[in-house]
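Residue numbering for the sequence shown follows our numbering, beginning at 449 and increasing consecutively. Below: one structure, written as structure tokens.
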Amino acid sequence: MSQSFHAMWASLRPLGRSDASGGYRRYAWTGADADCRLWFRMQAEARRLDVETDRNGNQWAWLGDPAAGDAVVTGSHLDSVPDGGAFDGPLGVVSAFAALDELRARGASFKRPLAIVNFGDEEGARFGLACVGSRLTSGQLTKEKAYELRDADGISLPQAMEAAGYDPDAIGPDPERLARIGAFVELHVEQGRALDLSGDSVGIASAIWPHGRWRFDFRGEANHAGTTRLVDRHDPMLTYAETVLAARTEAALAGAVATFGKVAVEPNGVNAIPSLVRGWLDSRAADQATLDTVVTAIEKAARERADKDGVDLAVVRESFTPVVEFEHALRDEINRILGGSVPVLGTGAGHDAGILSASVPTAMLFVRNPTGVSHSPLEFAPEDDCVAGVLALADVLEGLACH
Ligand code: GLV
Ligand code: MN
Ligand code: MN
Numbered sequence: 449m450s451q452s453f454h455a456m457w458a459s460l461r462p463l464g465r466s467d468a469s470g471g472y473r474r475y476a477w478t479g480a481d482a483d484c485r486l487w488f489r490m491q492a493e494a495r496r497l498d499v500e501t502d503r504n505g506n507q508w509a510w511l512g513d514p515a516a517g518d519a520v521v522t523g524s525h526l527d528s529v530p531d532g533g534a535f536d537g538p539l540g541v542v543s544a545f546a547a548l549d550e551l552r553a554r555g556a557s558f559k560r561p562l563a564i565v566n567f568g569d570e571e572g573a574r575f576g577l578a579c580v581g582s583r584l585t586s587g588q589l590t591k592e593k594a595y596e597l598r599d600a601d602g603i604s605l606p607q608a609m610e611a612a613g614y615d616p617d618a619i620g621p622d623p624e625r626l627a628r629i630g631a632f633v634e635l636h637v638e639q640g641r642a643l644d645l646s647g648d649s650v651g652i653a654s655a656i657w658p659h660g661r662w663r664f665d666f667r668g669e670a671n672h673a674g675t676t677r678l679v680d681r682h683d684p685m686l687t688y689a690e691t692v693l694a695a696r697t698e699a700a701l702a703g704a705v706a707t708f709g710k711v712a713v714e715p716n717g718v719n720a721i722p723s724l725v726r727g728w729l730d731s732r733a734a735d736q737a738t739l740d741t742v743v744t745a746i747e748k749a750a751r752e753r754a755d756k757d758g759v760d761l762a763v764v765r766e767s768f769t770p771v772v773e774f775e776h777a778l779r780d781e782i783n784r785i786l787g788g789s790v791p792v793l794g795t796g797a798g799h800d801a802g803i804l805s806a807s808v809p810t811a812m813l814f815v816r817n818p819t820g821v822s823h824s825p826l827e828f829a830p831e832d833d834c835v836a837g838v839l840a841l842a843d844v845l846e847g848l849a850c851h
């Protein structure tokens, strides 16, 4: 099995990788995305699984009859953030195939259908909204809202889907597909150091923090950088800069996190005061009330500063995911299968498992990440821990699907 893991890892590694940064640029409906989808199909076919792509572009590889229902599903996503790491998403997909190889080597016989899934557009790197594939399938994103999504070049989501050879007319909720699933288990690299600190290679998820993305549009007045007196300026960059500082302060006060990780400037000239600064806030907290407090305080600070600078501010919430508490029964069952003493941890990262948990019993396994770094080319999990993750996933799938 560790050989099959190794071979899959090596074949997936070059796809969508930037030689310049060493990071991945696997964005929805691009050539790199198509390469990853082809890779998934080839892995599934090599294992004699039936591959289908659903109406929302998620790929499924089936062992057994999907119509039989009560399926055990595992998998994750293959897309990435800009210059993302190799593990966030792919580790769950590669481990799913490797766990199936392990179960076949054990001679396991399946009493429930098994599926391996690759959810489309989990990171939302291109269109700004995370978990588009699972949100559409579960009805948490409507077709109308999906049609409004645009990338940085103004290409809409349906245009991008069509250009990639998919039918955007078909997108929408897929309750029949969800009704076939008895349990979904997503394995994921840990995006923190809890397992490193506890000395465990594998953990189980308890909950996902509520999180959201807000777009702040600061509109000022373009003017000459050399000739405009400081007192005459309406500079949205200043307002933006103060807002970034306020976000840090408010998050620290509340024990939350708040990040401006993406910014667009118009006209983006070195010798011009900008007319527009658009910054995206990502904020997350352990509970809803804290998150509300933090975001309200950041917006208040931004408005106060905007008034001072003579700048207009519009704030739009682009996405929101409420707190997810994974189903206790499935979580306890998995812990029992794994021997009863696997650490249970919460996370501030979003996942398709969090979206699906509103519709089907869902659980997550985490694999140790010694540095905790994620969403970066430095993201890493040692091969021993990856193999431990595959064996744990195989045990879980065997316990759920084979007994
Ligand atoms: C996805 O990885 C997210 O947490 O934003
Ligand atoms: Mn991610
Ligand atoms: Mn992920």
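Even for Gly, the Cβ is constructed at its ideal location relative to N, Cα and C.
Same chain, Cβ closer than 6 angstroms to G787, five either side skipped, listed in chain order:
none
Given W457, which residues of its chain have a CB within under 7 angstroms of its CB, disregarding the five upstream and five downstream residues?
V542
Contacting residues, own chain, Cβ-Cβ under 7 angstroms from L526 (five flanking each side not counted)
R474, C484, F488, G537, P538, V541 and N566
How is the beta strand (DSSP E) around S767 delimited, first residue to last?
D760 to T769
CA nearest to the CA of L584, picked from L804, D832 and L645
L804
Just the Cα atoms here: how many angstroms apart are P684 and P722?
7 angstroms
Buried versus exposed call for F768 [16 or more other C-beta atoms within 10 Å across all chains shown]
exposed
Just curious, the beta strand (DSSP E) that E634 is in, first and last residue?
I629 to V637
Compute the beta-carbon to beta-carbon distance between P606 and P616, rounded to the nearest angstrom, for a pair I have assumed lies under 8 angstroms.
3 angstroms
Please classify M449: does DSSP put it in a helix, a strand, or coil?
coil
Between which two residues does the alpha helix (DSSP H) holding G523 run?
Premise fails: G523 lies in the beta strand (DSSP E), A519 to H525, not in any alpha helix (DSSP H).
Rounded to a whole number of angstroms, what is the C-alpha to C-alpha distance between A494 and D481?
20 angstroms
Let me check understanding here. Comparing Cα to Cα, which of I782, N506, E592 and E827 lies closest to C579?
N506
With 16 other CB atoms within 10 Å as the buried threshold, where does N504 fall?
buried
DSSP state of Y688 mapped onto helix, strand, coil:
helix
Measuring CA to CA, which of A745, W662 and L724 is closest to N671?
L724
Relative to ligand 5, is the shortest distance from any of its heavy atoms to the C-beta of D481 smaller than 7 angstroms?
Ligand 5 is absent from the structure shown, which contains only ligand 1, ligand 2 and ligand 3.
Going by DSSP, what residue range makes up the alpha helix (DSSP H) through E610?
L605 to A611
Where DSSP assigns a beta bridge to E714, which residues make up the other side?
L724
Can the beta-carbon of G847 be found less than 8 angstroms from the beta-carbon of V815?
no
The beta strand (DSSP E) that contains L589, what's its start and end?
Here L589 belongs to no beta strand (DSSP E), and DSSP marks it neither H nor E.
Let me check understanding here. Comparing Cα to Cα, which of R696, C850 and E690 lies closest to R751?
E690
G640 versus V633, G651, A468 and F632, residue with shortest Cα-Cα distance
G651
Check whether the Cβ of V711 sits closer than 7 angstroms to any heavy atom of ligand 2, and report yes or no.
no
Say the cut is 7 angstroms; is the CB of S524 nearer than that to a heavy atom of ligand 3?
yes
Simplified DSSP assignment, three categories, for E596:
helix
For G532, which option in E827, M490 and V835 has the closest C-alpha, if you only look at C-alpha atoms?
E827
When the Cα of L562 is compared with those of Q588, K748, P514 and A556, which residue comes out closest?
P514
Determine, using beta carbons only, whether K710 and W728 come nearer to each other than 8 angstroms.
yes
Jot down the residue ranges of each uninterrupted beta strand (DSSP E) in the stretch 644-686, minimum 3 residues, whole runs only, in chain order.
650-656 and 659-667
Shortest alpha-carbon distance to R552 belongs to which of T590, L497 and A829?
L497
Buried or exposed: R465, going by 16 or more other Cβ atoms within 10 Å of its Cβ?
buried
With a floor of 3 residues, list each beta strand (DSSP E) that falls wholly inside the stretch 786-850, ordered by position along the chain.
792-795 and 810-815
Do the stretch 729-745 and the stretch 698-710 make contact, defined as three or more Cβ pairs closer than 8 angstroms?
yes
Determine the DSSP secondary structure at R503, reduced to helix, strand or coil.
coil
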